[in-house]
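Here's the structure, in structure tokens; my notes come after.
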Amino acid sequence: MSGVRPRWVDFHCHLDLYPDHQRLVWECERAEIATLAVTTTPKAWAGNQAAVKGACHVRVGLGLHPQLIAERAGELRLFETLLPTAKYVGEIGIDAGPRYFRSLEAQEAVFASILQRCAEQGGKVLTVHSVRSAKRVLDHVERSRLPPSVRVVLHWFSGTMAEAKRAADIGCYFSIGPGMLASPNGRKLASSLPLDRILTETDGPFVQVAGRIARPRDVSETVEELALTRSLETDEVRRQILTNLASLVGPIS
Ligand code: MN
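Each number in my numbering corresponds to the 1-based position in the sequence shown with 78 added.
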């Protein structure tokens, strides 16, 4: 996410969960898509780093997905060992949906611990899951007193308008994708979030576009839709998102 200026942004995609992971990395390179390859377990870090070697538009996030905490809370130690080497962190966060409610306490403990380490280390960009937990997530973010060099991107935000405003007020960014735009609440949020805080994402392969699994190149359609909902030119929104990415990640990445 530095050097050569990208054309597009997919700030949250699980590249390693596609059958053609390596091909997808080069697809992002060719299409000049600044892509954050999020991971769900710290065990995936090394393999993902190897896959992006030589790529200038793809970066890897060190993750520990909240939906896996019930079985993988023990991987927090590996996560913490790797954290000093990671600028991008995610997927992390909290999922208070019915399927994961039982691990909520453990999820909160892990998330709080990760935030605390990030606050201590500084210089990180986090991509955060907040399903049915926007308030909890924002409470944790506020409590952790992150320095300005640690940025939070709320991925596929599904909270209320008031929660979105609170998030924006404390400096959060929002990554918007086809999944979010498929729901009326998501569309409403997407059209009202501050223009200088939005990024695009796909969250593939968990999201479908036109009956097939989304790929990073599908962000162009999200940019188009965002432009439509705001009555702006598509290219204006595309360039705004690149500006937002640059101010989010800084000159050195
Ligand atoms: Mn995800």
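Note that beta-carbon positions come from the ideal geometry of N, C-alpha and C, so glycine has one too. Source: prediction; values computed, not measured.
Taking C-beta to C-beta, are Val-138 and Ala-115 nearer than 7 Å?
Within the sequence shown, numbered from 1, the residue matching residue 138 stands at position 60. Within the sequence shown, numbered from 1, the residue matching residue 115 stands at position 37. The answer is yes: Cβ separation under 7 Å.
Which stretch, first to last residue, makes up the beta strand (DSSP E) that contains Lys-202?
Here residue 202 corresponds to residue number 124 of the sequence shown, with the count starting at 1. Unbroken beta strand (DSSP E) run through Lys-202: 202-209.
State the DSSP-derived secondary structure class of Tyr-96, mapped to helix, strand or coil.
Along the sequence shown, read from residue 1 onward, the residue named residue 96 stands at position 18. Three-state result, Tyr-96: coil.
If you reduce the DSSP assignment to three classes, tell me which class Glu-217 lands in.
What you label residue 217 is simply residue 139 of the sequence shown in a count that begins at 1. As written in the sequence, residue 217 is Asp, which differs from the Glu given in the question. Helix, per DSSP.
Around the C-beta of Asn-263, are 16 or more other C-beta atoms found within 10 angstroms, so that it is buried, or is it exposed?
Against the sequence shown, residue 263 aligns to sequence position 185. So Asn-263 ends up on the exposed side.
Check whether chain D comes within 7 Å of Cys-196, counting only Cβ atoms and requiring the distance to be less than that.
Judged by its chain identifiers, the structure shown contains no chain D, having just a single protein chain.
So who's on the other strand from Ala-112, going by DSSP bridges?
Mapped onto the sequence shown, residue 112 falls at position 34. According to DSSP, which records beta bridges pairwise, Ala-112 is partnered with Val-87.
Quick one: does the C-beta of Glu-186 sit closer than 6 Å to a heavy atom of the ligand MN?
Against the sequence shown, residue 186 aligns to sequence position 108. Checking every heavy atom of the ligand MN against the Cβ of Glu-186, none is found closer than 6 Å.
Using only alpha-carbon positions, find the residue among Ser-270, Ala-148, Ile-111 that is nearest to Arg-90.
For the purposes of this step, residue 90 is identified with residue 12 of the sequence shown, where counting begins at 1. The sequence shown places His at residue 90, not Arg. With distances taken between Cα atoms, His-90 lies closest to Ile-111.
Taking the C-alpha atoms as reference points, what is the distance between Asp-88 and Gln-194?
Taking the sequence shown and counting its residues from 1, the one referred to as residue 88 is at position 10. Taking the sequence shown and counting its residues from 1, the one referred to as residue 194 is at position 116. Between Asp-88 and Gln-194, the C-alpha separation is close to 27 Å.
Look at the alpha carbon of Gly-201 and the alpha carbon of Thr-118, and state the distance between them as a whole number of angstroms.
Indexing the sequence shown from 1 puts residue 201 at position 123. Indexing the sequence shown from 1 puts residue 118 at position 40. Put simply, the backbone Cα of Gly-201 is about 21 Å away from that of Thr-118.
With three or more C-beta pairs closer than 8 Å as the rule, is the region 297-316 touching the region 127-137?
No, the region 127-137 does not touch the region 297-316.
Restricting to Cα atoms, I'd like to know which of Ala-268, Val-188, Gly-282 is closest to Tyr-251.
As a working note, residue 251 is residue 173 in the sequence shown. The residue with the shortest Cα to Cα distance from Tyr-251 is Ala-268.
Quick one: what does DSSP say Ile-254 is sitting in, helix, strand or coil?
Numbered from its first residue, the sequence shown carries residue 254 at position 176. Note: Ile-254 maps to strand in three-state DSSP.
Shorter than 6 Å, the distance from the beta carbon of Glu-169 to the closest heavy atom of the ligand MN, or not?
For the purposes of this step, residue 169 is identified with residue 91 of the sequence shown, where counting begins at 1. The answer is yes for Glu-169.
With H, G and I counted as helix, E and B as strand and the rest as coil, what does DSSP make of Glu-302?
Stepping through the sequence shown from its first residue, residue 302 is reached at position 224. Correct three-state label for Glu-302: helix.
Is Asp-281 a contact residue of the ligand MN, with contact defined as CB to any heavy atom under 6 Å?
Start at 1 with the first residue of the sequence shown, and residue 281 comes out as number 203. Yes, the beta carbon of Asp-281 sits closer than 6 Å to at least one heavy atom of the ligand MN.
Express the C-alpha separation of Trp-86 and Thr-312 in angstroms, rounding to a whole number.
Locating residue 312 in the sequence shown gives position 234, counting from the first residue. Locating residue 86 in the sequence shown gives position 8, counting from the first residue. Between Thr-312 and Trp-86, the C-alpha separation is close to 12 Å.
Report buried or exposed for Phe-235, applying the criterion of at least 16 other Cβ atoms within 10 angstroms of its Cβ.
Position 157 of the sequence shown, counting from 1, holds the residue named residue 235. Buried is the call here.
On the CB-based measure, 16 or more other CB atoms within 10 Å of its CB, does Asp-296 come out buried or exposed?
In the sequence shown, counting from the first residue as 1, residue 296 sits at position 218. Buried: at least 16 other Cβ atoms inside 10 Å.
Assign Ser-211 to buried or exposed, taking buried as 16 or more other Cβ atoms, counted over all protein chains shown, within 10 Å of its Cβ.
For the purposes of this step, residue 211 is taken as residue 133 along the sequence shown, with counting starting at 1. Buried, by the Cβ-count rule.
Please classify Arg-308: does DSSP put it in a helix, a strand, or coil?
Translated into the one-based positions of the sequence shown, residue 308 becomes position 230. Of the three classes helix, strand and coil, the one that applies to Arg-308 here is helix, per DSSP.
To the nearest angstrom, report how far apart Ala-190 and Cys-196 are at their CA atoms.
If you number the sequence shown from 1, residue 190 lands on position 112. If you number the sequence shown from 1, residue 196 lands on position 118. Going by the C-alpha atoms only, they are around 10 Å apart.
Rounded to whole angstroms, what's the CA-CA distance from Asp-173 to Met-258? Just pull it up for me.
Here residue 173 is taken as the residue at index 95 of the sequence shown, counted from 1. Here residue 258 is taken as the residue at index 180 of the sequence shown, counted from 1. Cα to Cα, the separation comes out at about 16 Å.
With a threshold of 6 Å on Cβ separation, who are the neighbours of Ala-164 within its own chain once the five nearest residues in sequence on each side are excluded?
Here the question's residue 164 lines up with position 86 in the sequence shown. Once the five neighbours on either side are set aside, the close Cβ partners of Ala-164 are Leu-140.
Taking the alpha carbon of Ala-184 as the reference point, which residue from Ser-253, Val-103, Leu-142, Arg-221 has its own alpha carbon closest?
Here residue 184 refers to the residue found at position 106 of the sequence shown. Considering only alpha carbons, the answer is Leu-142.
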